[in-house]
Each structure stands twice: as C-alpha cells, then as structure tokens.
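Here is the structure we will look at, set down as structure tokens.
2 protein chains.
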Amino acid sequence: MPTDASFEALREAIVRGYIAPDARLVEADIGAAFDMSRGAVRTALIRLEQEGLVVREPHRGARVRRVTDEEAIEILQARAVLEGLAARQAAERIEDAGAERLRARLARQRELLEAGDLLAASDANADLHATLLELSGHATACRLIRSLSSQTVRYQYRTILLPGRAAASLREHTAIVEAVAAGRPDEAEAAMRAHLFNVARAVQRRALPGGIDQASRGVLEGGAR
Amino acid sequence: MPTDASFEALREAIVRGYIAPDARLVEADIGAAFDMSRGAVRTALIRLEQEGLVVREPHRGARVRRVTDEEAIEILQARAVLEGLAARQAAERIEDAGAERLRARLARQRELLEAGDLLAASDANADLHATLLELSGHATACRLIRSLSSQTVRYQYRTILLPGRAAASLREHTAIVEAVAAGRPDEAEAAMRAHLFNVARAVQRRALPGGIDQASRGVLEGGAR
DNA sequence: TTCGACAAAATCGTTGACGATCTTTCCAGC
DNA sequence: GCTGGAAAGATCGTCAACGATTTTGTCGAA
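Residue numbers (our numbering), protein chains in the order written: chain A, 610 to 834; chain B, 610 to 834.
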C-alpha cells in the first residue's frame, strides 16, 4: 500500500539485477507485481528514467537500461573524482568519532577478506564508501555518487572477484582511511581517486570474462526482445 | 501542443529565474500558463524534481527549489572535479579541428571582455565550457555537469561581475584551452579545477553583496510564502 | 517460400472526475 | 484582544475509461 515502499522495492529489483537488463517494464505488470496503481508506476518509471536506471520511449514503454562496459568505466571515472572530492572534505573535517568508525569498517572488511567471503567483503566495501560519504557532509557529492553507484551495483559484486583485486582493494582502502583519519586532504583525495581509477582500469581490461550480462541474463524475464 | 516544447519552456523559466525561487508551482496554473495537460505538468514536475530544480511535498505541491549560497559552492566544487575529468579526457583525444574551435571561443570571449560586455562574455563563458564538454566525449560527465549547471545559472551571470573575476576568468580559460589544445591531460585537469574552485571561492567570500536572492526576488510571483 | 499489406492485439498517453489532505479563514470563548 | 477549534477552500493523489500509436499476427500474391 505505501507507494514509497513499493517504489523502493522496484528500484531494488532493478538495481540488484532481479529484473534483467533490457527487460520490458509494462506499467500494468509492474503495478500488479509491486502492488501499486498504474499512476504510481508511471511516476516511479519517470523518476527511475531520470536516475538513469530505465529508458522510456514514447508509446513503446520502459525497459531496464543496459549499462555497457564502456559506460561503467565512465561512471567509475566520474565516481573517482567525486568521491575524491568527498574524501578531501572528509579529511578536512574529520573528528575522532568519525575516524573510529572508518577504522572499524576497514577492520571488518579485512576480516571478511581473510575469511575468504568475497561477497560479504564487497558489501562491506560499499559500506565503507557510504560511511566516508556521510562523514564528508557534502550533500551534492553524496547525491550524485549515490545515483551513479546504483547504476553499477551489478558490477560491484564482480570487480572484487577479479584476480588480485581483493588484496589491492584492501590496500587501497587502508590508504584512504589512514589519510582521512589523519586529516590529510590532498592525500585522501589522491588515494580515493587512485582506488576507483584502478577499479575502472580493471573493468577496462575486460577482466570480466564474458561480461556481466550473460551471467545475470534471464533472472526474471529472460532478457531483451 | 508539443508537450516536449512546453517542458523545455517551463524548465527555461525556472533555470533563467523567470519564476522566482520558492514560488509555488500549482499544477493547474502551470498547465494553463504553458498550455499542457495536468498530467504532463505532473511528469514535468517529477522530472524537474529529480534534476534538483524543484521540490515536491506530498499534498503540498511543488515549489522552485532555492539554491543557497552554501549549496552553490558545493555544486561548483562538484563541477570543478567533473569538468576537470572532462578537460583531461578532452586533452587526451584532442584533434586539430577541436583545438581550433576552442581557440575561436576563447578569442570571442576576449573580444567581449575588452568591449566591456560582461553579460555576453558570461554567455560566451558557458559556451566555452559546453564546447569543451562536447570535445571530451564523456557522456556521463556531460550529463552530470549539465544538470549541475542548470541549478546555478542565476549565479553564473553574477560571478563574472565581481571585481577582478573578469580578468581572472579570461586568464584561467586561456590556461585551460592551451593545455587541452596542446594535449596535456594533467595540466588541463589542474587548470579546470583551479578555475572552478576559484569561482567557488569567489562565491564563498560572500563576494555577492546582499546575495543573489534579493536581486532576483519578485521577478514573477514575489518570492515565497 | 518470401514479401507486403492489412487487421487485431497490446500498450501507452490523456482526460475528467472523485476522494484525501493540507491550508486558510472565521467565529466563539476566555 | 488573543487563542483554540471547526468549517470552507484549495490542491494534490488516485482511479477508471477513452483515444492514439506501436507491435504482432495473418493472409494472399509473386
């Protein structure tokens, strides 16, 4: 009944890949599946289009937007500079409580990696980035990054699986947290930029064998027409 | 009749400040003023909300979002790093034709400044930034920057009026164009970042005496309730 | 068999009306 | 004169139905 919750559910379904890329989003079907009126579906699709998660064509309906590898790289580059800015600002205004929170997240990620649970580590990874964003207090950067991140969640789960990325990721995150906690803005920004540009480069090397699309295709509706 | 044109008209009205910040956007009134159905107004408002140009509250309607000085600074900072990225990429893939276009825009801006036409120079300024963005070929950065710029257009017209900013702006743009045209990515990014951070700092210094809001208040509906 | 035209189905965009919710106004009581 | 509350007005959110457009499927001819 609460349309807001339904909207979040739909958004989650797309972001997490439960609805495959290029799958058609028929207004009536979505309404039935998520228990919302057609009008509500309409507004949801418009919002999601603006967020870059779906594409709508006149009289042809909406489809889940397929993020190409090329575009994923662009998004990671944009995130690199924006999160770099956030890291800088976080380093400028860091306090003891915040530094402690960052170190705690980093420690958890280290434990998960040593335990070999890469998927959980990937979640912890996202957590760390979110915490840093929050500490930066940069509302505009936060908003942009959140929007960008949601478009590449399906990639996130994979990049850490690439050979060598797990260890590198931990190393890079450690550098970021240290710089921020120590209040060194230039260093924090550089570390964050380097980290995300490395991720972008990993994607660029076609290090995702076969691509993400085959892997997640057909989860719900079996892909495109 | 063409809802798309009406949408652009409404958007323009907000971006250019013909509709004052905090002014209420009653769906019926907007529909009458821009000749569009209430449903079309609804979708337009949802899109504009997602773009950050209006805010909508349940059962209370939409209002033009007021961009505070603080937020304008944040936006300029975000633009600084994103346009820095774009400048870097433009420098990496610059060709003779593109370099020539950049130099032409710069020359025009110089002429306008020497002629003392600051407002026209401000437009040329925006033109130069847009050209650089186009040359970068970075679709994601383009999209983000366009969205950010539209939120601060009212500020744009003012910053160049500040004492010393006109000359500084020309100097900074010259550095950017030279670095891009010469194909030096690091330098291009640094120059662009420096330029926009300088603008941000100019705003930060409260160098907009009395703020922009009094100046543009009451243009249409006399401000907020 | 393949191609093109035509009809049928599916889906979206729009309209008008109705109920829900918020804001404002007005009046009684202190 | 001021405060509290109730009624009126304004506006938004939702729903059902209709028209418009695209897509699909069928049929006949080359």
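Even glycine gets a Cβ: it sits at the ideal position worked out from N, Cα and C.
DSSP beta-bridge partners of residue i
i, result
"residue 664 of chain B", "B:672"
"residue 714 of chain B", "In the DSSP output, where bridge partners are listed per residue, residue 714 of chain B has none listed."
"residue 634 of chain B", "B:671"
Assigned exposure category for residue i - 16 Cβ within 10 Å defines buried
i, result
"residue 708 of chain A", "buried"
"residue 820 of chain B", "Unreliable positioning characterises residue 820 of chain B in this predicted model, as indicated by a pLDDT of 43, which lies under 50. The coordinate reading is nonetheless provided below. Residue 820 of chain B should be labelled exposed."
"residue 827 of chain B", "Reliability fails at residue 827 of chain B, whose pLDDT of 31 lies under 50, so the model's placement of it is uncertain and the value that follows must be treated cautiously. It is exposed - the Cβ of residue 827 of chain B has fewer than 16 other Cβ atoms within 10 Å."
"residue 745 of chain B", "buried"
"residue 646 of chain B", "exposed"
"residue 772 of chain A", "exposed"
"residue 667 of chain A", "exposed"
"residue 753 of chain B", "buried"
"residue 629 of chain A", "buried"
"residue 779 of chain B", "buried"
"residue 788 of chain A", "buried"
"residue 810 of chain B", "exposed"
"residue 610 of chain A", "Note that residue 610 of chain A has pLDDT 46, beneath the 50 cutoff, so the model's placement of it is unreliable and the number below is only indicative. Classification for residue 610 of chain A: exposed."
"residue 733 of chain B", "buried"
"residue 621 of chain B", "exposed"
"residue 706 of chain A", "exposed"
"residue 728 of chain B", "exposed"
"residue 755 of chain B", "exposed"
"residue 730 of chain A", "buried"
"residue 649 of chain B", "buried"
"residue 791 of chain A", "exposed"
Reference residue i; option with closest CA among the options
i, options, result
"residue 808 of chain A", "A:656, A:770 and A:797", "A:770"
"residue 614 of chain B", "B:644, B:626 and B:803", "B:644"
"residue 692 of chain A", "A:667, A:750, A:734 and A:651", "A:750"
"residue 616 of chain A", "A:624, A:653, A:632 and A:765", "A:653"
"residue 669 of chain B", "B:633, B:655 and B:757", "B:633"
"residue 701 of chain B", "B:648, B:663, B:741 and B:627", "B:741"
"residue 638 of chain B", "B:705, B:689 and B:619", "B:619"
"residue 737 of chain B", "B:810, B:725, B:626 and B:719", "B:719"
"residue 757 of chain B", "B:649, B:651 and B:689", "B:689"
"residue 836 of chain B", "B:792, B:777, B:790 and B:794", "In the structure as shown, chain B starts at 610 and stops at 834, and residue 836 of chain B therefore has no counterpart that could be examined."
"residue 793 of chain B", "B:775, B:703, B:660 and B:748", "B:703"
"residue 813 of chain B", "B:624, B:768, B:711 and B:726", "B:768"
"residue 710 of chain B", "B:739, B:723, B:724 and B:802", "B:739"
"residue 663 of chain B", "B:743, B:636 and B:723", "B:636"
"residue 775 of chain B", "B:655, B:659 and B:726", "B:726"
"residue 748 of chain B", "A:642, A:661 and A:651", "A:661"
"residue 626 of chain B", "B:765, B:791 and B:803", "B:765"
"residue 624 of chain A", "A:657, A:640, A:651 and A:641", "A:657"
"residue 631 of chain B", "B:722, B:665, B:802 and B:735", "B:665"
Within chain A, partners of residue i - CB distance below 8 Å
i, result
"residue 690 of chain B", "690, 691, 693 and 694"
Contacts that residue i makes with chain A (C-beta to C-beta distance below 7 Å)
i, result
"residue 582 of chain B", "Residue 582 of chain B lies beyond the residue range present for chain B, which begins at 610 and ends at 834; the question has no answer from this structure."
Within chain B, partners of residue i - CB distance below 9 Å
i, result
"residue 652 of chain A", "651, 652 and 655"
"residue 683 of chain A", "747, 748, 749 and 750"
"residue 680 of chain A", "748 and 749"
Under 8 Å from the C-beta of residue i: neighbouring residues of chain B
i, result
"residue 867 of chain A", "Residue 867 of chain A lies beyond the stretch modelled for chain A, which goes from 610 to 834, so this question has no answer here."
Within chain A, the residues that residue i reaches when beta carbons sit closer than 9 Å
i, result
"residue 660 of chain B", "659"
Per-residue contacts from residue i into chain B (C-beta, under 7 Å)
i, result
"residue 687 of chain A", "691, 694, 749, 750 and 753"
Quiz item: Is the segment 767 to 785 of chain A in contact with the segment 714 to 723 of chain A, if contact means three or more CB pairs nearer than 8 Å?
Solution: yes
Quiz item: Would you call the segment 659 to 676 of chain A and the segment 665 to 682 of chain B touching, i.e. three or more CB-CB distances under 8 Å?
Solution: no
Quiz item: Can at least three beta-carbon pairs, one atom from the segment 680 to 696 of chain A and one from the segment 792 to 802 of chain A, be found at a separation below 8 Å?
Solution: yes
Self-check item: the segment 757 to 771 of chain A contacting the segment 684 to 691 of chain A, beta-carbon criterion three pairs below 8 Å
Solution: yes
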